[in-house]
Structures are given as structure tokens and as C-alpha cells.
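All letters in the sequence shown, in the order written, are residues -22 to -1, 1 to 386 by mature numbering (1 follows the signal peptide of the UniProt record, and there is no 0). What follows is a single structure, written as C-alpha cells, with notes after it.
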Amino acid sequence: MNWIKFLALLLAVVHCSTTIAAQSLKCANEQLEYAADKRDEFCVFRAVVVKKGAPEPVFENSASPKVAFLDSNFTRLPDQFFQAFPQLEWLVVMSSGLEVLTIKNRMRVVHAAGNQIKSLQAEGTTGAKLTTLSLRDNPFTDVNSIAKRLLGLEVLDLSGTEVAEDETIKLAVFAPLVNLTELYLARLEAAYLENDEEMELPSLKVLDVSGNFFTPSNFKLRVFRTLPNMEELFLRDASMTDLSVTDIRRDMPAVKRIHLGGNDFNCKLLVALLAHLKERDIEAPGQSSSCPQGYDNVEGLCCKSHGNVYPPRPPTGPIDSPPKEGLDTTIVTSTATKPPTGPSTPIDTTKTQVKEKEKGSSKHYLIYGGITVVLLIGLSVIGFFVHRRNAAKRRLPIPSSDNQMQDL
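Below you can see the structure in the form of C-alpha cells.
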């Protein structure tokens, strides 16, 4: 009997301690940088761990409208959390292993970067109030669920996600978001940017497609004609080596700034491109104070310096006529991406003359040497015959006195 009482008491103590521990989940107010260059005051939870199969924690009730979770580990937020924060409007969950993101009706801003989010759960009329959603650096793919349910979005950050289909960013999928003003699609491992349906995003002012690996031959500026009010384009670190521009105002009538840092343009092309932008009052902010070896700094942007080594090749065929689209037309395209097949450096006439003199001297030496050899051979032959003649004379017999008498 005593053992039964002891076990009952032990279970009560364990249950009581668990309840007390669960009730102790309380957030603390602090200033938090929840995004790049963005700070605000949040009620912050730290080191919240919810294991699968374990009892869900209990959160103390709070009237705070802004809540953040840092350094935590859970796959989803329990329903009791939303009950404890009836006035929740801003939610920040950073690098906490979150897999399912639940969005309630009253929420306006959600930042959930660096998690494992693959799906969204949006209740009721959530799309009418949610204005900002950041799913940066999550394995998220279902962009259609956002476009269909979250129609009130003004700022959407899908950078570092998996929403690019077949290495292609399709702008048309965002067309239902008529209030969208900022769209961040950086680092999607995309090679193409398309809007074949030509669906407009009439409110979009900022587009970031940095960090993708666009194919220059397939990167057409006319795709931006469906963004008539775009003011700022981020095209950094996009592995761009070439960019063909006729009149950028035809494709981007409202653009004010284009960010081009971190690409691989040669300096000749970059200088021409910057001049084209400046003529049309478009900024191209620089971001580099120094450049790696083999690159030059042009107005804060690094470009391949070897693009200036090879002089332009003179035209060999008929000169192309200028475009007929208008008088105010500038063509900016790369002309030095490949070294010319002809001579790449001017001829040094001084060295050529020296080499010709050296060749002339060599010819003279050969002639003089040949004459000398002929003379030596001739002298040798003459000496040989003279020597034989002298030797023959020495072998003749000396006449005796008897012979002389007989001759008389």
C-alpha cells in the first residue's frame, strides 16, 4: 500500500514540475534586427525546443503584437501559442527548423528565413491582411499557393528557395498579386527570366534577381516591359558577360537604379553601358573599392581589364546600318569578348629593321665565306700541281760524258 502511495506522489511531482516548466515559457522585449538594415522591438523567445512526441509547451498570455523565436528547434508552432498571443501581427522565426508555417487572419508580417519550410497553412481570409512574407533560404517550391491565397502581399522574398522551375523564373505566376511592390528572387539557380504570357505586375517597384546564372543570349530586356512601374533592378552577381541594350527606356520606362556589381563585363562594354544609363538619368551604384587581379575599377564596378588589351579589328565587310527604331538609339554590346584572330599588337618597325639588317649581314657573311673557300680550294690545286712538277724534275737522269761524246 505504501508503495502505491509513493508512486502516486512521484507521478504528481513529475506532472507538477512539467506543468511549471511549461508555464515558464515567457518572452522578453528587446531590439532585434529581423532583416537586413531593419530593426524593431519584439517579444523574443530563445532556445525553445519542441520534440516530436513530447508534450507541447504552454506559452504565457501576452498582448505583444510582435513576437520572435531565436535559436530554437521545432517543426511547427503549437495552436496554444496563437491562443496566448491574440493580438499577434508580426511573427519572426529564424533558423529554428520550422517545416510548416501557419498564418492566422490577424497577421500582417512574417519573416521565417533559414528554416525548413515546405508548406503553408493559411486560414480564412489571411490573404487580405498579410502584406509581407519572407521565406528566404527555405526548401519551398509551391509559389502557386502564395499567388492564390495571399492576395494582399506587398513584399515577397523567396530568395534562396526552390521556386524556379526548370532553371526558369516565371514572372507571370506573380501576376495575381496586384499589390506587390517588392519581389526578391535572388539565388534561385535560375538561368532564364521569362514572362511569355506577358502578364503585367503593375505595382512592382523593386525586383531583385541577383545571384542567378543568367544565359546572356537568353536574357532579353523586353521581359521588363511587363513591369511598367519598376524603379529599381538588382542584377548583381549574375555571371553576366554581355548585355545588349538598344534603348533601355523602351524596356524599363520608370527605372531609376540598376545594380550591376559582381558581374563579368569587360571594361569597354561596361564603360559604354554606364554612359548609356547616365544619358537617361539612371543610376548604377558602385560597391567595390578594390578589384581582384585582372580587373579594373570603373566607377566602383569591377570589370575585366584584359578586355582593353586587344585593339578593335577594322571592319572587313559591309557596315551594318543603324537600327530604324528611332533617332535616340544606342547599341551597347560586347565587341571584345574574344581575342582577334589577326595580329593582336602593333608592329614594332625598329625591331623589324634590326632583324632585316641582321639578315643582310648574315647573307654577306655567307658570300664572303664561300669566296674564301673557293680561293682556298684553288690555291690547294695549284700547289698540288706545282709540287708534282718539281718532284718530276728531281727524278730525271743526269747525262754522263759518254753520252755527250756520242751525241757529238
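All C-beta atoms, glycine included, are put in the ideal place defined by N, C-alpha and C. Predicted, not measured: the structure shown is a model, and the values here were computed from it.
Just tell me which of ALA90, TYR12, LYS16, GLN265 has its CA closest to the CA of HIS237.
Comparing Cα positions, the closest option is GLN265.
State buried or exposed for ALA262, treating a residue as buried only when at least 16 other CB atoms are found within 10 Å of its CB.
Counting every other CB atom within 10 Å of its CB across the protein chains shown gives ALA262 a total of 16 or more, marking it as buried.
Could you pull out every unbroken beta strand (DSSP E) segment of at least 3 residues lying fully inside the segment 218 to 256, listed in chain order?
235 to 237
Measuring alpha carbon to alpha carbon, tell me which residue in LYS256, VAL151, ARG235 is nearest ASN173.
Of the listed residues, the one whose Cα sits closest to ASN173 is VAL151.
Quick check on the DSSP output: the beta strand (DSSP E) that includes ASN275 runs from which residue to which?
273 to 276
Does the beta-carbon of ARG17 have 16 or more other beta-carbons within 10 angstroms, so that it is buried, or is it exposed?
exposed
Pull the bridge partners of TYR162 from the DSSP assignment, please.
ASP135, ASP186
What residues in its chain sit with their C-beta under 6 Å from that of ASP186, if we drop five residues either side in the sequence?
TYR162, ALA164, PHE212
What do you reckon, are the CB atoms on residue 409 and GLU167 nearer than 9 Å?
In the structure as shown, the chain begins at -22 and stops at 386. Residue 409 is therefore absent and cannot be evaluated.
Quick check on DSSP: helix, strand or coil for PHE37?
strand
Using a 10 Å radius around the Cβ and a threshold of 16 neighbouring Cβ atoms, would you call GLY138 buried or exposed?
Looking at its Cβ environment, which holds 16 or more other Cβ atoms inside 10 Å, GLY138 is buried.
With a 10 Å radius around its C-beta and 16 neighbouring C-beta atoms as the bar for buried, classify THR204 as buried or exposed.
buried
Quick one, are the C-beta atoms of LYS96 and ASN116 less than 9 Å apart?
yes
If GLN58 and VAL78 are in contact, beta carbons under 8 Å, what's the gap, nearest whole angstrom?
About 16 Å separates the two Cβ atoms, so there is no contact after all.
Is LYS148 near the ligand HEM, in the sense that its beta carbon is under 8 Å from a heavy atom of that ligand?
Here there are no bound small molecules, and the ligand HEM is not part of this structure.
Mind checking which residues open and close the beta strand (DSSP E) that includes ALA13?
6 to 13
LEU76 by DSSP, collapsed to three states: which one?
coil
Spell out the partners DSSP gives CYS280 in its beta bridges.
ASN275
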